[in-house]
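Below you'll find the structure, written out as structure tokens, and then a few comments.
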Amino acid sequence: VTFGSDVRISASITIDTEQGADGAGSIVMTGVDISGTGAGLDLDLDASSNADGGQVVLGQFGNAGGNFVNDLSVNTGSNSTTAGNVSISADISLDANGADLGDLNVTGGGLVIVTGDATIDTEDGGDANAGFVNFGESTLTADAANDLTINTVGNTDSGTVTITGADSSGGAFIDDLTI
23 VTFGSDVRIS ASITIDTEQG ADGAGSIVMT GVDISGTGAG LDLDLDASSN ADGGQVVLGQ
83 FGNAGGNFVN DLSVNTGSNS TTAGNVSISA DISLDANGAD LGDLNVTGGG LVIVTGDATI
143 DTEDGGDANA GFVNFGESTL TADAANDLTI NTVGNTDSGT VTITGADSSG GAFIDDLTI
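Numbering (the working numbering), first residue to last: 23 to 201.
The structure is reproduced here in structure tokens:
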């Protein structure tokens, strides 16, 4: 699935690239701005498979549609062979909706490759409690000397950040990592 223009979700949705889970499918959101048209909308990107997991390339998450996405979940897992990778090349801004915190959850165990300077913010505006960032079993890496800032600071409670490992397997170490 490749997106070529802005993506504005009007309901919480799941994009599943492999309904039968027997082959890899990829999701490419490069150069687009992903947002919600209402508060509290979640986006679940599922490129998992029983064969190789698919790749997910994330674009910018903002509020061009009037609201930020609440929760972003990405699954590139494989039940038998190689997990797919997740690429982050632009800012990802999420926002709480009341008690439903804005969370980023990556599952599958492939690489999380920072392909451009980026900031992940789980409470845009800082006016509510912040959500978590969980890279699960994935290894955090970069393709060049890119910077990554992870902001999970909220107005009262801050979210947790889970990074299992970091290395240069994507081509380079992350230049500056700020949490």
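Here a beta-carbon is modelled for each residue, glycine too, at the ideal position from N, C-alpha and C.
Between the Cα of residue i and those of the options, spot the shortest distance and give me the residue it belongs to.
{"i": "residue 179", "options": "89, 81 and 154", "result": "154"}
{"i": "residue 100", "options": "44, 121 and 89", "result": "44"}
{"i": "residue 150", "options": "156, 71, 111 and 119", "result": "119"}
{"i": "residue 71", "options": "125, 132, 91 and 105", "result": "105"}
{"i": "residue 130", "options": "124, 61, 78 and 92", "result": "78"}
{"i": "residue 124", "options": "175, 109, 144 and 108", "result": "144"}
{"i": "residue 188", "options": "158, 152, 25 and 23", "result": "158"}
{"i": "residue 181", "options": "156, 190, 191 and 166", "result": "156"}
{"i": "residue 121", "options": "192, 80, 177 and 195", "result": "177"}
Shorter than 8 Å from the beta carbon of residue i to some beta carbon of chain B?
{"i": "residue 147", "result": "The structure shown contains no chain B; it is built from a single protein chain."}
Could you check what DSSP says for residue i in three-state terms: helix, strand or coil?
{"i": "residue 38", "result": "strand"}
{"i": "residue 115", "result": "strand"}
{"i": "residue 82", "result": "strand"}
{"i": "residue 70", "result": "coil"}
{"i": "residue 182", "result": "coil"}
{"i": "residue 59", "result": "coil"}
{"i": "residue 156", "result": "strand"}
{"i": "residue 137", "result": "coil"}
{"i": "residue 123", "result": "coil"}
{"i": "residue 164", "result": "strand"}
{"i": "residue 95", "result": "strand"}
{"i": "residue 174", "result": "coil"}
{"i": "residue 191", "result": "coil"}
Going by the beta-carbon positions, is the gap between residue i and residue j smaller than 8 Å?
{"i": "residue 163", "j": "residue 201", "result": "no"}
{"i": "residue 64", "j": "residue 34", "result": "yes"}
{"i": "residue 112", "j": "residue 76", "result": "no"}
{"i": "residue 160", "j": "residue 132", "result": "yes"}
{"i": "residue 57", "j": "residue 84", "result": "yes"}
Among residues of its own chain, excluding the 5 on either side of residue i, which ones have a beta-carbon nearer than 6 Å to its beta-carbon?
{"i": "residue 20", "result": "Outside the shown range of the chain (23 to 201) lies residue 20, about which nothing can therefore be said."}
{"i": "residue 171", "result": "141 and 200"}
{"i": "residue 97", "result": "68, 70, 129 and 130"}
{"i": "residue 38", "result": "68"}
Could you name the residues of the same chain whose beta carbon sits closer than 7 Å to that of residue i, not counting the 5 residues immediately before and after it, in chain order?
{"i": "residue 103", "result": "73 and 74"}
{"i": "residue 61", "result": "89 and 119"}
{"i": "residue 87", "result": "30, 57, 58 and 59"}
{"i": "residue 198", "result": "169"}
{"i": "residue 194", "result": "164, 165, 166 and 167"}
Give me, in chain order, the residues of the same chain whose beta-carbon lies closer than 8 Å to that of residue i; leave out the 5 immediate sequence neighbours on both sides.
{"i": "residue 27", "result": "54"}
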